[in-house]
Every structure is written in structure tokens, then in C-alpha cells.
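Asker: One structure, as C-alpha cells, below. Some questions next.
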Amino acid sequence: MNALPWWKNLSVLRKIVQLFSFVFLVYGSGVVGFYAADKLSKAFPALACAYDTKTADYCVLIPLQHQLGHLLGPAIKAGAVGLMTLIPLLTTLGTFLLLFVLLNKAFCGWVCPLGSFQELLGLIGQKLGLRRRESLGDGAVDRIRPVKWLMLGGLVVVFPLLSGLGFVDHALGDPFCKICPSRIMTTLFTGHVNQLYLDTSSPTYMVLSILGDTLFGMILALGLTLRQPFCRICPMLAMHAIFKKIGLVRLVKNYTPRCEKCGLCAKACPMDIREIHTSQEKDILFPDCTLCGRCVEFCPDKGVMAMKYAVIPIKVSDPQYFKHRNKAQKSWENANLIAWLSRGKAKTAKAS
Amino acid sequence: MMMRLLPLPLLLVLTTVNAQAAMHWESVPHKVTMAHIRSAPQMFRLEDGTGASARLMQPDLAVHPLPLAGDGRVTIKPDGKEYFHVLIAERDTPSGHESAIRYFHLFGRPTGVSPERVTDARKTALEIVPDPLPREHWSYLSNHSFEFVLRFNGKPLADHPVTLTTSNGTELTLKSDANGRVRLTFPDDFPEVHPGFMHNKPAGFTLRLAHVSQGKRYLTTLAGDYRTDPAHWQSFYGGVLVAGGGVLLGGFLGWRLRRRGASGKGRMK
């Protein structure tokens, strides 16, 4: 059986795109320009950070929080909500949607710098032999799933709005940015340590900085052993879920009775979406999906699963591809530090 | 040329004395509520600007004359154009030419012109150009370094002194490098620091540059505001310690998950 050429391996292609996106989004000011006015959209559907002085674009959650906190909240309070208040908000959402429609949730699985960073941590963990193979349990997955909606509703919408209305501290004007691990990660990657801090200026700022730093530390450790720990609670994932119907990239399934006995798609899913296995629906783009395409890669039946761009198939499940991909995955997973040390020990024992 | 031959202490005294008399822009503090932050006008005053004429460069590089009130005040209402506007004042003096520049930000709609073109645009013969300007979400901060380029007739002024004075009383002189570039670390000279950005008023700074060419003396100033270094209330080592705690917590959670996985609990069916 011939090895799968890299350019036919969807995971390899995705990693190349992720690397390119990471470099562009974290260091891309050299291409697009330094100033806010030069940025790609200022409402990007992935966690690119404005605190990173070298970034090529800003995440949509930044203007959303600021416009709700600095514009809509005060305007409601003053009883002066008009077109001039709503236009910036609608422009932000409109810009986000214009981009989002092109790649849909693939912004998470292919473009987001924090998503790529977590995959890098996973890769390091796997190569160190730390990577656990099992997915999270159903109960844990079910308990974690609502958190992303709370993050979006509470930290991106409600608190900024309440801050603008004067009901809560000004420190809660952009609370998601204050706890976002991408802020710390991207600035550290550009050589700036000014976003890793403990803020003692007020109790609210202190709590937010402790939450942000702790979350960042947890991701560093959890990312080594658990797939995509932050993606599971990311408010961007929730925001994508709201608009997923309008995106051009689709994930479709042609259910067959063989699916009942298989379940490899769900095992391959880094977000532990068990419904892709059990669903009999055509559309299997679930709210937690990041459109990484692993389910399609690891489906052993011809044409059962497919990733499509509008109506054009990009990747369709195929038994031959599955055989190659599965073999490549196994040899990749077996190549790790602990396996290498064990083999060394076994050889020494045999020799003695 | 003559200034370069003078001994440095005398040069510093001369530049300081000359600088103190130089025309410059100052912001006029006025209260703006959060509801009107985007629509509120901004107020400035041209200090020592008798006889000067002023103009405003907008983010799309359009330039308009700016009438000055008797006390040198100008009020700039939002013109619907987003990003950096430039106040420019100029006057001829018996010995040469004086100018004063100040950049400020207004909300509005994007113009499609990069602020880089606004800073690059030649505004006066002698000019101190921020490279770059602190963009949105950023500001000049004490203890932080920012770069400026000294230009005369569009060309960099190498090895040339420039003087900084702050409203907190600091005066210091720096020299440009071979490319006319000056790296300035704003002094941490706030007499009183309260925790939090909102509780510290920004201080004003003025950079002053003098140059003699063909017997004509040119003097220019660049003015702006700088804020207190947040390191006064934000601890990096504290952040590292908390993140370290997060690593331990994450490691513990990961270990628990692995144990649950190994014992079969919670494993996917």
C-alpha cells in the first residue's frame, strides 16, 4: 500500500493553512500596515488580537464589546438610540458576516491562531507521550457545551451593555478581552510580556486578570492532554453557531445503517461531537463543529460523509483514503518519546 | 551648523531656553460623557502662537484653514472622518520660521487612507514625525519607548538634538541617529500615581527641534499627551505566578481526566 502523498492528506493541508494563518494574523502588520485603519476587517471571525501590535486584523468580539459598552449602552441610558448608534454595530456584524459566509466555521478549525496554538500543544503532548486517546465523556461534554453560550451572552453582550448603562463597573466594558487567552498568547509570540499581569487597580480588574492568567495557564497544561480545551468554551464558536446556516462550507452525511456500528467519525472529532455518529440528518454541521474535516477523513465508507463548498465537494469519505490515513495516523501516534524510551528499555532487557 | 560646534552643556541650555519660548499645541481638558464620546468636539490651544496661522489636516489628507480664537483656542468638531487629524500652526519670525504640530484622533467613517500617509505627508519644512503614532487602544506611556523621525525638507536630520519637556516638569535632550531617528523613553515623572488608568490624568509633552539652514533658523514642536505606566498597578511576576497556578490546576484536571479515562468512566460509547 503506497503512502498517502502530503498534498492529498487533509490534515496536513489544514496544518499548512493554520501555520500560514497564524503567521499572517499574529505578525501580519508588516503586510497590511500598523494602524487600526489598515487592518483587514477589524471584525475577523477568529481570535486575532488588537493587543498584538503586529497583528493583521482584529477579532469581531473586540468592536462588539466596545460598541455595546461605549455606544449602545450609553445611548439607551440617554434615551437616544438612533441610526448613528446602530450603524457601527451593524457595520461590525455585516463585516463579520461577509467574511464568515466564505469559510463558515472553518475559521475555527483552519484559521484561528488560538486554535492552532492548542493543536500545537496537543502535538507536543502527543510527542511527549502524554496525549490521551480517549475523548471526553458524554456527561463532561454535555456539561461543558452551554459554557460557550454563557461566555458569548455574558461576557460579550450582557456585561458590556450593563457597563454602558452604568449598572456595573467600567472594568466590565470588555470582559471577554480581559480573560481571553489569545490576548496573552499572541502578545507573548510577538515578544511582549505586557499582557501577562496581575492587575491590582480594583477588585474587578484583579478578578479578571486572575481569571485570564489562570485560564491561560490551564490551557497550557490541558492542551497537552486534551484536544482543544478552550475551543469548547469559546464565545466565537457560539457566535459562529448562530450564523452557521449562511456559511458556504458545509458538512453533510448520507446516513447508512453501517453508521450505527461504526462511530469512527465521532472518535476522530476533536470537539467530541458524538451526534455526527448518531445523526441521520443530511446537515451535520453542529454548533460545536470547527470544520476541521477529521470526521470525513476517518469515515471508512465511500460517499457517506463530505465537506462541501456550497455544492462543490472538497473532501468526500473514501475507503482507500481512510486506510492510508488511518495507517499514517497510527504510525504518527506511535512515534513519541515514551514509546521510544520503552522500545529502548525492551531492547536493553532483551540484550541482557 | 553653528549649533553643532557648541559644547554640549551650552547646547543643552540654549536648546532648552529656545524651546521654552516655542509655539506649541496644548489640549484643553473638558468633560465628555461616555454617551457623547464619539460625537464630542475636541479643544486645543496654541500656546505662544501670536501671529501664527493654523490649519487642519484630515485623515484623507485634505487640508483646511483653522481660525484661531483670541486666546489661541480651536474647537474641532467630528467631521465624519475616522482616525488621525493633524493640527498645524506656522509663522515667520525675524530670524526664520516656526511651526507646531499635534496629532489627535476623531471617530467617524474610515477614509480608506492609511494613517501612515498622514504622518508621511510633509506638513512643514522642519518636522518631528511620530513613527508610528500609538494606534487605537494604545497611547504614549511613561517608562515606554517610542520612536520619532526628525525631518528637514523631507530628509532625515542625522545626529541632531531634540528636547523633551513635560507638564510634570521633566526636561531632557536626545540626539537622533544616522537615520534621523530618535528613541524616546517617556519619563515616569507623575508626582502622584493612583491605581488604574481612569484615575490618572495624562500629562502633556512637547518635543522641540531647532535647525539652522542658509542663515534661516527653523523651530518646530510636536506636542501630545502621555499616560502613567500601568506597571504601577499591573505586576508581570504576579501574572506569571497566577498563570503558573493555572498550569498546576490544568495539569491536575488533565490527570483526573486521564484517570477517569483509564478506569473506563466517562469514556465515549
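Protein sequences, first through last, are from chains F and D.
Residue numbering for the first sequence follows our numbering, beginning at 1 and increasing consecutively.
Residue numbering for the second sequence follows our numbering, beginning at 1 and increasing consecutively.
For each residue, glycine too, the CB sits at the ideal point set by N, CA and C.
1. Quick one: does ARG260(D) have its CB under 9 Å from some CB of chain F?
2. Using a Cβ cut-off of 8 Å, pull out every chain F residue sitting near SER114(D), in sequence order please.
3. Using 10 angstroms around the beta-carbon of VAL63(D), count the other beta-carbons present and answer buried if the total reaches 16, otherwise exposed.
4. According to DSSP, what are the bridge partners of GLY96(D)?
5. Could you check what DSSP says for PHE190(D) in three-state terms: helix, strand or coil?
6. Using the C-alpha atoms, what's the distance from TRP6(F) back to ASP272(F)?
7. What first and last residue would you give for the alpha helix (DSSP H) that runs through TRP7(F)?
8. Going by CA-CA distance only, name the one from LEU47(F), THR187(F) and GLY137(F) that's closest to ARG270(D).
9. Does the beta carbon of ILE338(F) come closer than 9 Å to any beta carbon on chain D?
10. Compare the C-alpha of GLU136(D) against each of LYS42(F), ALA3(F), CYS299(F) and ARG294(F) and name the closest.
11. Rank ASN254(F), LEU220(F) and ILE233(F) by C-alpha distance to the C-alpha of VAL242(D) and give the top, closest one.
12. Starting from ARG135(D), find everything on chain F with Cβ-Cβ shorter than 7 Å and list it in chain order.
13. Within 10 angstroms of its Cβ, does PRO7(D) collect 16 or more other Cβ (buried), or is it exposed?
14. Give the secondary structure of GLU119(F) by DSSP, where H, G and I count as helix, E and B as strand, and everything else as coil.
15. Which residue from TRP149(F), ILE62(F), GLY153(F) and ASP174(F) puts its Cα closest to that of PRO160(F)?
16. Chain D partners of ALA268(F), CB-CB under 8 Å?
17. Does LYS123(D) come out as helix, strand or coil in the three-state DSSP assignment?
18. For GLY28(F), which residues in the same chain have their Cβ closer than 6 Å to its Cβ, ignoring the five residues on either side in sequence?
19. Return the chain-ordered list of same chain residues with a C-beta closer than 6 Å to the C-beta of GLY217(F), the five sequence neighbours on each side being excluded.
20. First and last residue of the beta strand (DSSP E) that includes TRP138(D)?
21. Along chain D, which residues have their Cβ under 8 Å away from the Cβ of ILE361(F)?
22. Pull up the distance between the alpha-carbon of LYS105(F) and that of GLN228(F), whole angstroms please.
23. Straight-line CA distance for GLY169(D) to VAL111(F)?
24. Select from GLY94(F), VAL249(F) and ARG143(F) the residue whose C-alpha is nearest the C-alpha of ASP283(F).
25. Indicate whether ASP225(D) and SER27(D) have their beta-carbon atoms separated by less than 9 Å.
26. Residues of chain D with CB closer than 7 Å to the CB of ALA50(F), please, in chain order.
27. Threshold first: 4 residues or longer. Then list the alpha helix (DSSP H) segments lying entirely within the stretch 88-158 of chain F, N to C.
28. Can you name, in chain order, every residue of its own chain whose Cβ lies under 8 Å from the Cβ of PRO191(D), other than the five neighbours on each side?
29. On a Cα-Cα basis, can you pick out the residue from PRO59(D), LEU126(D), LYS155(D) and TYR237(D) that is closest to LEU209(D)?
30. From the beta carbon of ASP213(F), is the nearest beta carbon of chain D less than 9 Å away?
31. Okay, do the stretch 236-256 of chain F and the stretch 185-205 of chain F touch, 3+ Cβ pairs below 8 Å being the bar?
32. Could you spell out where the alpha helix (DSSP H) holding ARG294(F) opens and where it closes?
33. Count the C-beta pairs between the stretch 327-336 of chain F and the stretch 303-319 of chain F that are closer than 8 Å, then say yes if the count reaches three, no if not.
34. Secondary structure at VAL28(D), three-state DSSP: helix, strand or coil?
35. Below 7 Å on C-beta distance, what does MET198(D) contact in chain F?
36. At what residues does the alpha helix (DSSP H) containing VAL31(F) begin and finish?
Answerer: Straight from the coordinates:
1. Yes, its Cβ sits closer than 9 Å to a Cβ of chain F.
2. GLY33, TYR35, ALA37 and ASP38
3. exposed
4. Answer by DSSP bridge pairing, in chain order: THR93(D) and ARG217(D).
5. Coil.
6. Approximately 26 Å between the Cα atoms of the pair.
7. Per DSSP, TRP7(F) belongs to no alpha helix (DSSP H) and is neither H nor E.
8. The structure shown does not extend to residue 270(D), since chain D is modelled only from 1 through 269, so no value can be given for it.
9. Not one chain D Cβ lies under 9 Å of ILE338(F).
10. Ranking LYS42(F), ALA3(F), CYS299(F) and ARG294(F) by Cα distance to GLU136(D) puts LYS42(F) first.
11. LEU220(F)
12. PHE34, TYR35 and ALA36
13. Note that PRO7(D) has pLDDT 45, beneath the 50 cutoff, so the model's placement of it is unreliable and the number below is only indicative. Looking at its Cβ environment, which holds fewer than 16 other Cβ atoms inside 10 Å, PRO7(D) is exposed.
14. helix
15. Residue ASP174(F) is the option with its Cα nearest to PRO160(F).
16. Near ALA268(F) there are no residues of chain D at all, since even the closest Cβ is about 11 Å away, more than 8 Å.
17. coil
18. ALA56
19. none
20. No beta strand (DSSP E) contains TRP138(D), which DSSP labels as neither H nor E.
21. As displayed, chain F neither begins before 1 nor continues past 352, which places residue 361(F) out of reach and without an answer.
22. 15 Å
23. Going by the C-alpha atoms only, they are around 49 Å apart.
24. Among GLY94(F), VAL249(F) and ARG143(F), the Cα nearest to that of ASP283(F) belongs to VAL249(F).
25. yes
26. HIS137
27. 113-127 and 138-150
28. ASN168
29. Nearest of PRO59(D), LEU126(D), LYS155(D) and TYR237(D) to LEU209(D), Cα basis: LEU126(D).
30. yes
31. no
32. 294-297 is the extent of the alpha helix (DSSP H) around ARG294(F).
33. no
34. coil
35. Near MET198(D) (Cβ distances below 7 Å), the residues of chain F are HIS170.
36. 29-32
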